[in-house]
Structures are given as structure tokens and as C-alpha cells.
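Under the working numbering, think of the first position of the sequence shown as 123, with each following residue one higher. Backbone N, C-alpha and C fix where the C-beta goes; we use that ideal spot for every residue, glycine too. What follows is one structure encoded as C-alpha cells, with my remarks underneath.
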Amino acid sequence: MEILEKKDKKDIDQIINHFAENEEDIEIIKQVKKVYPVKYTSFLAELFLKSEAIRKQFLPSPLELKTNGTPTPFEEGKKASKTYGLERLYRDRVLITPHFDCPAYCRFCYKKSRVMRNKPSMTFEEINAVVSEVSKMKEVRGALITGGEPFLDQDKLFYLLDKLIELNNIKEIRIGTRTLLTMPEIYTEDLCFKLSTYNQINSSDPEKSKYLAINVHFNHPDELVPEVIQACNKLTSRGIILRNQTVLLKGINDNIATMSRLFQLLIRNNIIPYYMNHCMPVEGSDHLRTSVQKGLDIYKFLCTESSTAIPHYVYAPSGGKVHVGPDTKFEYVHDKHIRYIKVKTLYKAEEFKKIAKKELPPMHEVTEDGYIQGLYIDGKDE
Ligand code: SF4
């Protein structure tokens, strides 16, 4: 499953060395693999043969060792919870990570310090502890089950779902996954039916309704092949909402034609364009990061099309995500060769400290009126 089953070692090396232009690059890629491991599924390997856009997302580049990024942009803003697998950054929702590994490694993964580092899954006891803690968080109404890849350990996933759905305060459950692309074959009729049972609409008392939705992750129209659409359709035809999170990636989807086509295809196939995320400044991904402004130029065009196909455009300093609108102007700060965007977020510093139970992340401070102001490493377009 994890790697090309039908092909021999020579083929695998050839695929992995796809971006090598010479012997020196091959040596650099060997080093890259030691720092940021490579993993992909049999299904993806077939897609590599057909799509440059997909290859670039999963195969290592010699450029990964040149980086301004930080190792943990994702974790910096969150509490290193005493309860393993539980994090909280926002007032109304928590993040739960039952399984930290993925079946394939995206080169731009902003959680690569955990996904690629063999962090152990939660135990059943740890899931019990998380559920007990969440039950006491009265302001929390949503749980995002994220990864790694929650579908890699379905016993734990369904154990967790069964517990969460019983909590009075939890009304909204979301699962974040890229398996619709990496392993669409796992979406059997049984699995999709089982997931649909967590959608519990209470028409006589809508306050008591609960739902389960899935956050999917597609970045390029090439990913929407028949097997993938069939798997998505098995879920949506059972009433499970799919919301897509796209990452803006240099040389892959950073142009109007690709993004516009992607969002149109998604909506046509019953998948809601939800977020267009600027690629986070995680180490090893500089070569895939555009400027935030470039994403805004694309976004402005999208705003002239039907609103059904417009996602939210966001970038995410460690202190919390920032929404970009068509009229947004950026304030820049330059330090040595790095350009930062300075931004005042929507989040109050005191509330952040109380919820996350920690001080503000690096490169963040409090404004005079109490809000979090942060610096975000911008990408480059040249
Ligand atoms: S699927 Fe998500 S968590 Fe897994 S490697 Fe890709 S970006 Fe990271």
C-alpha cells in the first residue's frame, strides 16, 4: 500500500529522482530523503505517470534543503496539550489527532515535524482522556479529527466518533483527510454508510441536530480522476458534506486558469470549495511558496465568478488564520533576506492565552488594544 507494489526498486528510485537533473541532484535528493522522508501509495504512483502537478506534490526536490521556513509553524500556535492528541486554539472547537502518520507525504506538509517523524498513534486510553476533557469544555461545540491520516486506523477513528457523538456539547464533527486522493479504494459502501450514521438531523428540535462532514484536500484538476470522484460520490450521495481545502502551490496551481477550473470541477461534483490556503512557511517548502499577494491576484479574479465556486483565501501565522479579501493591503517588514507580512489578527491575546494555555508564539506580540499581532514569512514569486 505504502509504496509501488508492482514495480521494482529501480523504478522506485527513478520516480523518486524525477527532479534530479544530474548526479549532484541525485546525491542531494538522498540527503533530502533523510531529512524529509518520501512516501506515496500505489494509486498515486499511477497518477505520477500522468500528471506533473501531482508528481511535484509528493516527490522530493533538491531545493528542499534551501529553506527559510520553520520546523513547526503548525504547532507553535497550539497548546502542547498534556492530553496527547488534543489541541485547542479557538474558542469553539478542538483538534484531535488519533493517528499521526500519513499513507503519502505531501512535500509542503505544514505538520511534517509530526507526520514524518513516526509519532505514535493515540491509545484507546488517551482517546478516553481526550473525550473526558472535551466534555468539560462547555464553549466547544465542534471537533476536527485531523492527522496525519485518521482513516489509517479506523478502529480508533470509530471508537472516537462513537464517544464524541454522545457528548452534549459536541454538535459538529469534521474529519480532515487526503485519502480521497491517496487511497480512494478504502471508500467502500460499508465505510461510507457507517460514516453517514453520524449525521443526525433532529427535525423536531434542530438545536439537537449533529452532523459529520469531511474536509478533503484537492489542489489540482488532475487529481479529480474517475476513481476519486466515485469515492467522493459515495459519500455525498449519502448526505455527507465534502468541503475542500486547497493549498496554493508555486508551479502547480498558482494561476487563474488552474484554480478556476479546480473550483468549478469541485462544485460540479458536489464538493464545496472551502479554503484556498497560502502554503505555510514550513521548512523545506520554500520552492513551493508564492507570495500571499500572488494568491490575492488569483482570488480577485475568482471573486468575479459565481460565488458558489469561491473559497475563503487565508494565510496562517501561528497565532491564528487570517482571511484575505479582495481589498486587502499588506504591510511588509524586511529583515535580512526575508520579507514578512505584519498583521493584526482577529484574536484577543488574553483569550488566546486562556484557551491555548500558553504564551504567544514566536514573532507575535500584543497590540495596545489587546489583539494578537504577528509576523508571517511571505513566499517569493521569482
Ligand atoms: S495529507 Fe495532510 S497531514 Fe498528510 S502529509 Fe499531506 S498535508 Fe500532511
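*Identify every residue that forms a DSSP beta bridge with N399.*
In the DSSP assignment, the residues bridged to N399 are V369, V436.
*Any chance the CB of H221 is under 7 Å from a heavy atom of the ligand SF4?*
no
*Assuming H342 contacts A175 under a Cβ cut-off of 8 Å, what Cβ separation, rounded to an integer in Å, is found between them?*
4 Å
*What are the complete beta strand (DSSP E) segments, minimum 3 residues, inside the segment 173-250?*
215-218
*asked:* Run through the DSSP bridge pairs and tell me what Y469 is partnered with.
replied: DSSP, once it has assigned bridges, lists no residue as partnering Y469.
*With DSSP as the reference, label H342 as helix, strand or coil.*
coil
*asked:* Which same chain residues end up closer than 6 Å to L346 when comparing Cβ atoms and leaving out the 5 residues on each side of it in sequence?
replied: L387
*asked:* Taking 8 Å as the cut-off, does the segment 373-393 touch the segment 419-435 (at least 3 CB pairs, one atom from each stretch)?
replied: yes
*asked:* One question on the structure: do H221 and E271 come within less than 8 Å of each other, judged by their Cβ atoms?
replied: yes
*State the CB to CB distance for the pair L282 and I323, rounded to an integer number of angstroms; the pair is presumed to be in contact (CB under 8 Å).*
Not a contact, Cβ separation roughly 21 Å.
*Cβ distance (whole Å) where Y437 is taken to contact Y498 below 8 Å*: 6 Å
*Please report how far the alpha carbon of I287 lies from the alpha carbon of D500, in whole angstroms.*
40 Å
_Buried versus exposed, by CB contacts within 10 Å (16 or more), F230_ = buried
*Identify which residue in I267, G406, I420, S429 has its Cα closest to the Cα of I389.*
Nearest of I267, G406, I420, S429 to I389, Cα basis: S429.
*Reduced DSSP category for E124 - H, G, I as helix; E, B as strand; rest coil*: A caution first: E124 carries a pLDDT of 39, below 50, which makes its placement in the model unreliable, though a value can still be read off. E124 sits in coil when the DSSP states are folded into three classes, being neither helix nor strand.
*Taking Q179 as the reference, which of H400, C228, Q276, K466 has the closest Cα?*
C228
*Taking G496 as part of the beta strand (DSSP E), name the residues at either end of that continuous run.*
493-499
*Between the Cα of L169 and those of V404, I137, E146, spot the shortest distance and give me the residue it belongs to.*
I137
*Would you say R300 touches the ligand SF4, meaning its beta carbon is less than 7 Å from a heavy atom?*
yes
*Scan the segment 255-314 and note each continuous alpha helix (DSSP H) run of 4 residues or more that stays entirely inside, going in chain order.*
276-286, 301-304
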